[in-house]
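Each step along the sequence shown adds one to the number in numbering that gives the first Met the number 0, with nothing skipped, and position 259 is 258.
Glycine residues also receive a C-beta, built at the ideal position from the N, C-alpha and C atoms.
Note sheet for the following structure.
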Amino acid sequence: MRVLLVCNATKQAANEAMQVVSGWLAEQQIEFDRIISERLVINDPMLAEWMERVDQYDLVVSFGGDGTILRVTRMIGDSDVPLLAFNFGGRGFLASAQVDHLLEALSCAIAGKAVYSQRGQIRVEISYSDGSTRSFRALNEVVVSRLDTGRIVCLELCINDQRLHEIRGDGLLVSSTTGSTAYALSAGGPLVHPSYRGMVVVPISEHSLKSWSIVTGVEDVVTIRPSVDNAQQLVVFLDGEQFGSRTVVDDVAAGNVGVATTVDSADAEATDNQNDLQSDKTAQANIVKVTVRSSNARLRLGHFDQPDFYQQIAAAFFGGADA
């Protein structure tokens, strides 16, 4: 058994809990390593390193809030390594075990007695004006919005190549069902049971008296483009991390160039296209399209007790089961 501990270094209680767990693992003669979640952001070279190494572990344990879980999920990537998450954040809807049962839950997971839920993700492809693309997965959501100009953004929404609507507002959000309890809910979207594999499409502060959101089919593909009549520079947020216009210089600094784009017919999870090396290093490429679909990848989220989704939302959003 080999365990990887991931901690949000900004939270003192999370650090203290990780120290307790480290001591217990050492007493049990269980091999473990420790890293901080702040190094698992998209453009940090350490993320790629740990994505290569994570399948050497039998279990990942996170100490932090839901943001820490989002970063750890990105690191876990295509591997089947399970995650046991302890909440030291706010609402902590994704957390899989209570801090009060720290060692009990860990012992259960190590003994192979934990219950695992399968959390769906979405696959996001960002297309740029120079013909390059970048592809990532997100556990919660992708948000397409304006740069910090203070202006509204005009976006064309298509599902399965059928143009549905031009959105004028602060942006557009596409979430997994896991993310339906996060930003999508705050933007007015529905709560969706995490076992469903479709997506939720929600406009953000649309300049309209109509309020709407869409729950897509499992195989549906959502496409978002800047409006032809009112084109603007776009910014994309993946699980809260920002992408905007890009340059080759940015990619060199992030260690992303020189990696060929790969295509897997089951679930293409690509990095930067090798053709970027031929681009003008000072040229800027703007986002011209964002394509979103359900990913085949599933996060194995361990639980000390199997949670009931409706019991969770009753407690988290409606003031308790008896409210």
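Using DSSP with H/G/I as helix, E/B as strand and the rest coil, what is H100?
Residue state, collapsed to three classes: helix.
I'd like the span of the alpha helix (DSSP H) that includes D334, first residue to last.
In the structure displayed, the chain extends from 0 to 322; residue 334 sits before or after that span and is not available.
Does DSSP put Y309 in a helix, in a strand, or in coil?
Helix at Y309.
Limits of the unbroken beta strand (DSSP E) element including A296:
In the DSSP annotation of this structure, the continuous segment of the beta strand (DSSP E) that includes A296 starts and ends at I286 to H302.
Check whether the Cβ atoms of K10 and F62 sit closer than 9 angstroms, and answer yes or no.
Yes; because the gap between Cβ atoms is below 9 angstroms, this pair is in contact.
Integer Cβ distance of Y115 from R1, believed to fall under 8 angstroms
Not quite, the Cβ-Cβ distance comes to about 18 angstroms (not below 8 angstroms), so this is no contact.
Taking the Cβ atom as the reference point for each residue, do Q120 and T67 lie within a distance shorter than 9 angstroms?
Taking 9 angstroms as the Cβ cut-off, Q120 and T67 do not qualify as a contacting pair.
Please determine if the region 132–140 and the region 64–82 are in contact, where contact requires at least 3 C-beta pairs separated by less than 8 angstroms.
Contact holds: three or more Cβ-Cβ distances are below 8 angstroms.
What ranges does the alpha helix (DSSP H) occupy inside the region 159–230, keeping only unbroken runs of at least 4 residues that lie completely in it?
With a minimum length of 4 residues, the continuous alpha helix (DSSP H) runs that stay inside the region 159–230 are 182–185.
Helix, strand or coil at S144 [DSSP, three-state]:
If DSSP states are grouped into helix, strand and coil, S144 belongs with the strands.
Buried or exposed: where does A12 fall if 16 or more other Cβ atoms within 10 Å of its Cβ makes it buried?
With fewer than 16 other Cβ atoms inside 10 Å of its own Cβ, A12 counts as exposed.
Alpha carbon to alpha carbon, what distance is there between G216 and T290?
Between T290 and G216, the C-alpha separation is close to 15 angstroms.
Could you tell me how far apart the beta carbons of V201 and A186 are, in whole angstroms, since I believe they sit closer than 8 angstroms?
The beta-carbon distance between V201 and A186, rounded to whole angstroms, is 5 angstroms. This is short enough to meet the 8 angstroms contact definition.
Which residues does DSSP list as the beta-bridge partners of F62?
DSSP, once it has assigned bridges, lists C6 and F85 as partnering F62.
Classify G159: buried if its beta carbon has 16 or more other beta carbons within 10 angstroms, exposed otherwise.
Before going further, note that residue 159 is Asn rather than Gly in the sequence given. Under a 10 Å Cβ-count criterion, N159 is classified as exposed, with fewer than 16 other Cβ atoms of the shown protein chains found around its own Cβ.
With burial defined as no fewer than 16 other Cβ atoms inside 10 Å of the residue's Cβ, what is the status of V221: buried or exposed?
With 16 or more Cβ atoms within 10 Å of its Cβ, V221 is classed as buried.
Sort V214, V191 and V234 by Cα distance to D169 and report the nearest one.
Distance check between D169 and each of V214, V191 and V234 places V234 closest, using alpha-carbon atoms only.
So the candidates are Q231, M50, L184 and S179; which of them puts its Cα closest to the Cα of G149?
The shortest Cα separation from G149 among Q231, M50, L184 and S179 belongs to Q231.
Under DSSP, the alpha helix (DSSP H) around L46 begins and ends at which residues?
Per DSSP, L46 belongs to the alpha helix (DSSP H) from P44 to R52.
What is the DSSP secondary structure of Q232, counted as helix, strand or coil?
Coil.
In terms of residues, what are the limits of the alpha helix (DSSP H) holding Q11?
Unbroken alpha helix (DSSP H) run through Q11: Q11 to E26.
Sub-9 angstroms separation of E155 and P225 beta-carbons:
In this structure, E155 lies near P225, with their beta-carbon atoms less than 9 angstroms apart.
Where F316 falls: helix, strand or coil (DSSP)
Helix at F316.
Can the beta-carbon of R118 be found closer than 9 angstroms to that of Y127?
Their beta carbons are not under 9 angstroms apart, which means R118 does not touch Y127 by this criterion.
Relative to the C-alpha of L101, which residue among A16, I41 and T72 is closest?
When only C-alpha atoms are compared, the closest one is A16.
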